[in-house]
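Participant:
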Amino acid sequence: MTPPPVLSLITWSPFVGALLIMFTARHHPLAVRLIAAVTTGVSTIASLWIYVAYDREAAGFQFYEKLPLVPPLGISYELGVDGISLLLVLLTSVIIFAGVFASWTIAVRSQEFYALLLTLVTGVFGVFVTLDLFVFFLFYELAVLPMYLLIGVWGSSGEIRPRGIFAWAYREAGVGTKEYAAMKLTLYLLFGSAFILVGIFALYVNAGASSFSFVDLEGVSFAPAVQRWVFLAFYVGFGVLAGIWPLHTWSPDGHASAPTAVSMLHAGVLMKLGAYGVVRMGLGLLPGGAAELAWLMGTIACVNIVYGALSAMAQTDLKYVIAYSSVSHMGIVMLGAATLTETGLNGSVFQMFAHGVMTGLFFALVGLVYEKAHSREIGKMGGFGAVMPGIATAFTVGGLSSLGLPATAGFIAELLTFLGAWRSDHQWWLFPAVAGTFLTAVYVLRVAKQIFWGPPSPHFHDLEDARGPEWVALVLLVAVLVLFGMAPGVAIGPIDTATTLLLSRIVGP
Amino acid sequence: MPTAVPHGVGLDPAATNMALLVVLLPFVAFVLLAVVVPLRRRGQAAGAVSIAAIAVAFLAALFSWFVWKGDAHVQTWAWIPADEGPTATVGVLLDPLSNAMLVLVTLVSLLVQIYSLAYLRDERAPSLGRYYTYQSLFAFSMLGLVLSPSFIQMFVFWELVGLCSYLLIGYWYERPSAARAAVKAFWITKLGDLGFVIGIVMLWAATGTFEFHALFALAQEHALAIEGLGTIMLLIYLGAVGKSAQFPLHVWLPDAMEGPAPVSALIHAATMVTAGVFMVTRAQPLFVLVPDVLVLIGWVGAFTALLAATLACVESDIKRVLAYSTVSQLGYMMAAVGAGAPDAGFLHLLTHGLFKALLFLGAGAVIHAVGTNDIFRMGGLFRAMPQTGVVFIVGTLALAGLPPLAGFFSKEAVLAGVWDSGMTWPFLMLALTVLLTAFYMFRVVFLTFFGRVPATGHPHEPSWTMRGPLWVLAALTVLVGIRLAAGSVGGRHGPGWLAPLSVAAALGGIALAWAAYQRGAVDPGRLAATFPLSVIDVLARRRYGLDGLYAGLYRGFILGLSRLIGWIDRYLVDGVLNFVSASTLRGGDLLRRIQSGHAQDYVYGVAFGVLLLLVWSQWWAR
Amino acid sequence: MSLNAYLTLAALVFAIGLFGVLTRRNAIGILLGIELMLNAVNINLVAFARFHGDLRGLVFTLFTIAITVAEVAVGLAIVIVIFRVRRTVEADRLDLLRG
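Structure (structure tokens):
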């Protein structure tokens, strides 16, 4: 008896939801939301199930499905998850499930909004579960492109008053508008995917042009020169999406302009696609290239950590603060991967998860605050804690996780990354990484103090706490952060089975 | 699944389970209050839950103290798994050190929580519920810290108590000063914690373990001769510098007095701030391997003691005086640990926990009665609040170090320990601090309880829920002193002249305070103006510029750097991009003009192009 | 007559046509200019066919003539439509395609 195609179910359930929304739920806003909640709920339950059912002893790719698509070219629909993608599938489903509730109040064209959102999620799930590089690329583009419409149509424009000698360039390019942000994000990510496509074809051709399957390519050992430049191509291509410095500037603008659920999904999950790509394809297929270029990856990651934190501190717009904090935290992810140690890599993958949940929570909260106060200017806010204690509490938990306080998921990730960094070949990485946690503490607590503490701000009246479905997102994400922080073994167990396998190919068993 | 038990340590499930019970009871209370919102909103009911939990925990801790006082028991479970055995474990380590701390922490927590019921009576019910939620979380975290069998668990709870401190300092979060003090406390202690975390990461990389017993075993086998152990231990000590408010990271503690008085008593006097001392004491077998670091700890401790004492002499806020005196006493403890007398330091930690909590709660009662923190606006309170006055004076005498109170013996042990180790200068600093301590404490007593200025408002004795804890602590201060006088505990006696010297110094300080603030024989202003006191006076009133230095570093360096990076990001990194984008748009705009829409223009273009091609083919392409 | 004479004639006719296309402001005049240019090409083709003794040139010319007719028909139709819509056939005022 063949096992049920549960990965296909997870992947395509949101897509079916999108179709249903487009064709059956016209002009029924509630039906749109219910369909979205149910179909993503199905994915969530199924991904919880595979998380529990995954055989930790056996490790490797499980829940395997294969269906040849273009046999002469070696393209097939091939799915499977290992310890790394298992966690990320869970992350995706948690974030999208929360995101559906976080955007419950969207008013304009909600039907198209949810349809695009669900299509995008199918792409994300597809990237995490597919084992065929060609199909991987298709899913990857499916995950990236709807973003253009989602930001361009439903986004919000900020106010930027450029100064200095290049001010004309900023007005010309329309910096600060949602159209600018959407265009910038899309162009950047397409720029990245060009590198990825070239990399994939290079591997395909060099391996004899017979198969796009990850499992087959894993068995091939490529020539050192090929490994070097293809790894570089993957690093730049996926790195754009992971927000590596200096190709990160799409992220603050994009995340700040995007509507709540899209920011949650984009910062929470899509940036992880980039990191996942580097780990899975860069480290997994090109161990030699990874070992050779780890110094570059780690060094840029350190820049990311410190630079992102300092930039976040300089922002006055709440959404920009959170967006830059993502740049900083993605540095931890990349640093952990660059250490090429078991603990570091575990930390990296764990950070993908922790940061995903944390930043999802943050964007949900910012969305709520914006909805109540109609402002994102930190300087104008103050004393919100008294009227929105629930939001304040959730923000504090998110902030603590982001500065790596124990008993939240962020701590485990950062600790493991630190341990890995000091055991790697470049011990000095430890210091910028640790300094980053201090800078994070500075900007997160500063923002929390400004918004929630102090006397009530005279600019705002009739504020209120979160209500109804909005609580679902907050409670779910806070609970996940704390639970994974207190019992990290739940996640590290499966991750470890995958990372040890990965590392045995890079540094030998 | 429990991991292997290190040898030389017992594994008695009853003992470790009892310890687990002590630590989990407040945790259960915390979870209850955090999750069951209606219960938390009830305020007093939330307090009852929290108090019940900590009361049972206290009884369990007492039981554990009487049954397993002398042995060590440990039990650990895997926490962060890895391929070859767990990276990190959690568990409990019950030995005399942690056992004594368990009793102290649960006792003071219990008394403070009872006291708070009356002290915060006027708070709104949800706020009170929030207060008790934090209190339960703190009790859990602190107990978890003292029971830690490994550096990593200690760090986890170390940060959690820091979090509770942050939350409780900012309890009155509407006040801008409280909000500022809370983040300042968090940032400054975090600065020290950076050292701590780097230290334990390095130690793990070198030895592959966080466990105290494994590390101590390595130390005993002389297998810890790793390169850079001195650096590692110094970095770990930095954590203690932040948490235990040692120079130069002591600046957060006085500001932390923005929290309610009971919080100051519990967290910023009796328990959390002593975590640094506790940690250095716990890791003593590792610190003795690096004598240079120990000497540094001793010097910094003694210097901190003296510096904070001078600061306390010029402070007019009653709680801040007590805060500086806490910093000063923490300096004593650290000096003892650095001098190789951790038992003396730990003894002082325990006795100080009792009488400093007593002093803070007494000060809380005074503040509650008169509604101000300023000692110059209090006076003659002894008549209105005799009971509070008596217990406050008991605490003051203990802090000043007069026999037969608890403080005398522990301070004696510290001084003896420092003298025995041959650290003459630190000893002299500490001896001078004895005099200053007596002076500034009796300055407070005379100004507050006996001064001539009539107090504002209608001072009155507090209710029994506040008086009860005060009397219990006062009684314990006396009883522990008598027990110590019997001489069976803390058997460290210095040279014969030591006790008379320190008593004389304390009496001298009291006499000076009496002369200056009660009798009026000496004008304190005139006294402070004479050289060299004037220099110290001026500097101390400016807090030696340290607060300003940190504020300057924060504003000038961190915020300045962030503004610079923010500018670079917006106008340089992104600037290149926007410049390219805008240039493309501009260029396109220019080229667009060519497209005039007149068909004839295009024909001109074609004709001209053909002509060019012709010319080119005739002349150049030959 | 030599081939050169024919070619010179064709070049002249072509130049006159081009001049007409470039300078006439009336759309019909431009169309006439285009006709002239096409006929210049026809002259060329016929002349080469004659001097090379190759009939394919004549065949091409026939095609060109047929296409020219069609082109004039379509061109005039467009001009008439433009006249109806814009009330003018002045080339200078027809710049709908301006960038």
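Residue numbers (our numbering), protein chains in the order written: chain A, 66 to 574; chain B, 26 to 647; chain C, 5 to 103. Backbone N, C-alpha and C define an ideal beta-carbon position, used for all residues, glycine too. Source: prediction; values computed, not measured.
1. Output needed in chain order: residues of the segment 547 to 573 of chain A with a Cβ under 7 angstroms from some Cβ in chain B.
2. Please determine, among T329(B), D368(B) and L331(B), the residue with the shortest C-alpha to C-alpha distance to P310(B).
3. Is P574(A) helix, strand or coil when you go by DSSP?
4. Hey, does E184(B) have any beta-carbon neighbour from chain A nearer than 7 angstroms?
5. Could you please give the first and the last residue of the uninterrupted beta strand (DSSP E) stretch that includes S141(A)?
6. So, helix, strand or coil for N30(C), using DSSP?
7. At the level of alpha carbons, what is the spacing between M446(A) and M453(A)?
8. So what does DSSP say about T555(B), is it helix, strand or coil?
9. Using the three-state DSSP reduction, which class does S190(B) fall into: helix, strand or coil?
10. Taking a Cβ distance cut-off of 7 angstroms, strictly less, list which residues of the segment 613 to 630 of chain B are near chain C, in chain order.
11. Since T112(B) meets chain A, which of its residues come closer than 8 angstroms, beta carbon to beta carbon?
12. How would you list, in chain order, the residues of chain C whose beta-carbon sits under 7 angstroms from the beta-carbon of A648(B)?
13. Would you say I590(B) faces chain A, with C-beta separation under 7 angstroms as the test?
14. DSSP state of F211(B), grouped into three classes?
15. What does R441(A) reach in chain B if we use C-beta pairs closer than 7 angstroms?
16. Under 7 angstroms, do F525(A) and A438(A) count as touching if we go by C-beta distance?
17. With 7 angstroms as the threshold, decide whether the Cβ of M378(A) is near any Cβ in chain B.
18. If you draw a straight line from the alpha carbon of F517(A) to that of G448(A), how long is it in whole angstroms?
19. Can you tell me the Cα-Cα spacing of V128(B) and L495(B), whole angstroms?
20. According to DSSP, what are the bridge partners of E94(C)?
21. When burial is assigned at 16 or more other CB atoms within 10 Å of the CB, is D120(A) buried or exposed?
22. Going by beta-carbon coordinates alone, are A163(A) and L542(A) separated by less than 7 angstroms?
23. Quick one: does N398(B) have its CB under 7 angstroms from some CB of chain A?
24. Under three-state DSSP, which class holds T112(B)?
25. In whole angstroms, what separates the C-alpha of F17(B) from that of G506(B)?
26. Please state whether the Cβ-Cβ distance between L354(A) and G485(A) is less than 7 angstroms.
27. Where does M26(B) fall in DSSP's three states?
28. Strictly under 7 angstroms for the Cβ-Cβ distance: is W487(A) near chain B by that measure?
29. Flag P584(A) as yes if its beta-carbon sits less than 7 angstroms from any beta-carbon of chain B, otherwise no.
30. What residues in the segment 203 to 233 of chain B bring their beta carbon closer than 7 angstroms to a beta carbon of chain A?
31. So V343(A) and F303(A) are supposed to be a Cβ contact under 8 angstroms. How far apart are they, rounded?
32. Are the C-beta of Y235(A) and some C-beta of chain B separated by less than 7 angstroms?
33. Quick check on this structure: which residue in F83(B), G284(B) and L259(B) has the alpha carbon closest to the alpha carbon of L145(B)?
34. Over what stretch of residues does the beta strand (DSSP E) that includes A103(B) continue unbroken?
35. Excluding the 5 residues preceding and the 5 following L335(A) in the sequence, name in chain order all residues of the same chain whose CB lies nearer than 8 angstroms to its CB.
36. What's the C-alpha gap between L427(B) and V415(B)?
Facilitator: Reading off the structure:
1. P553, G554, I557, G558, D561 and T565
2. D368(B)
3. Because P574(A) sits at a pLDDT of 48, beneath the cut-off of 50, its placement in the model cannot be relied upon, and the point is left open.
4. yes
5. I140 to V146
6. strand
7. 13 angstroms
8. coil
9. helix
10. R617, Q620, S621, G622, H623, A624, Q625, V628 and Y629
11. T408, L481 and L484
12. Past the edges of chain B, shown from 26 to 647, lies residue 648(B), and the structure says nothing about it.
13. yes
14. helix
15. Result: empty, since nearest Cβ-Cβ is about 16 angstroms, beyond 7 angstroms.
16. yes
17. yes
18. 5 angstroms
19. 17 angstroms
20. N30(C)
21. exposed
22. yes
23. no
24. coil
25. The structure shown does not extend to residue 17(B), since chain B spans only 26 to 647, so no value can be given for it.
26. It should be pointed out that residue 354(A) corresponds to Gly in this sequence rather than to Leu. Cβ distance not < 7 angstroms, so G354(A) and G485(A) don't count as in contact.
27. Caution is warranted here: a pLDDT of 33 is assigned to M26(B), below 50, making its placement in the model unreliable, and the coordinate value is therefore given only provisionally. Three-state DSSP puts M26(B) in coil, outside helix and strand.
28. yes
29. Coverage of chain A is limited to positions 66 through 574, which leaves residue 584(A) absent and any answer about it impossible.
30. A204, V208, F211, W212, K215, L216, L219, V222, I223, V226, M227, W229 and A230
31. 5 angstroms
32. yes
33. G284(B)
34. H98 to I105
35. V189, A208, V209, M212 and L306
36. 15 angstroms
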